[in-house]
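Engineer:
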Amino acid sequence: PVLELYSSHGFVVAFPYIESPSGDTRPLTLNTNGEYILRALDYASAAASNASSPLHGRVDMGSVVLAGHSMGGTCAVMAGVRVPAAHEVGVRLVVTQHPGICGPLGPPPWPSTWEGTIAEEASGHPPCLCSQRFGF
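Heads up: the sequence shown begins at 1407 in the numbering used here, then just goes up one per residue.
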């Protein structure tokens, strides 16, 4: 529903499948490094430059927002940290909705969501809007 809401306002939404459209009903991944969001970004970039794609001419790669919820929120932050080195696109904002307290080996001690070095690195990249839930 959130993706439909965004697209109803004219945004092009690229959702990164982990397994496949039918296999992602309950995907299991411990990946929180932003890899899947970067794959979606690659897809959108390729589609924007492909004249036979329905997205050709409809995607502004100079004005990109990376977003995610829960574990995807953590991935959005990590993709925001990694994207300047990996892509020639204009990431204008990173939006995290209740970023998950998780990592490749499990959650860090509460209330830390990411290691301090990641937070410092993320602060030097596109602005980050973070909505966080409290009361775990």
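Where is the CB? At the ideal position from N, CA and C, for every residue including glycine.
1. Alpha carbon to alpha carbon, how far is residue 1576 from residue 1430?
2. Please name the residue, chosen from 1478, 1472, 1484, that lies closest to residue 1500 on a Cα-to-Cα basis.
3. Answer yes or no: do residue 1453 and residue 1461 have a C-beta to C-beta separation smaller than 7 Å?
4. Ignoring anything shorter than 4 residues or poking outside the segment 1431-1507, list the alpha helix (DSSP H) runs there in chain order.
5. Alpha carbon to alpha carbon, what distance is there between residue 1442 and residue 1424?
6. Quick check: what's the CA-CA separation for residue 1503 versus residue 1533?
7. Do we get a CB-CB distance below 7 Å when we pair residue 1416 with the residues of chain D?
Structural biologist: Let me lay it out:
1. In the structure as shown, the chain begins at 1407 and stops at 1542. Residue 1576 is therefore absent and cannot be evaluated.
2. Within the sequence shown, the letter at position 94 stands for residue 1500. Nearest of 1478, 1472, 1484 to residue 1500, Cα basis: 1472.
3. Working through the sequence shown from its first residue, we reach residue 1453 at position 47. Working through the sequence shown from its first residue, we reach residue 1461 at position 55. Result yes, Cβ atoms of residue 1453 and residue 1461 sit closer than 7 Å.
4. Within the segment 1431-1507, complete alpha helix (DSSP H) segments of at least 4 residues are found at 1441-1455, 1477-1492, given in chain order.
5. Walking along the sequence shown from the start, residue 1424 turns up at place 18. Walking along the sequence shown from the start, residue 1442 turns up at place 36. The alpha-carbon atoms of residue 1424 and residue 1442 are separated by roughly 7 Å.
6. Here residue 1503 is taken as the residue at index 97 of the sequence shown, counted from 1. Here residue 1533 is taken as the residue at index 127 of the sequence shown, counted from 1. Going by the C-alpha atoms only, they are around 14 Å apart.
7. The structure shown has no chain D; it contains just one protein chain.
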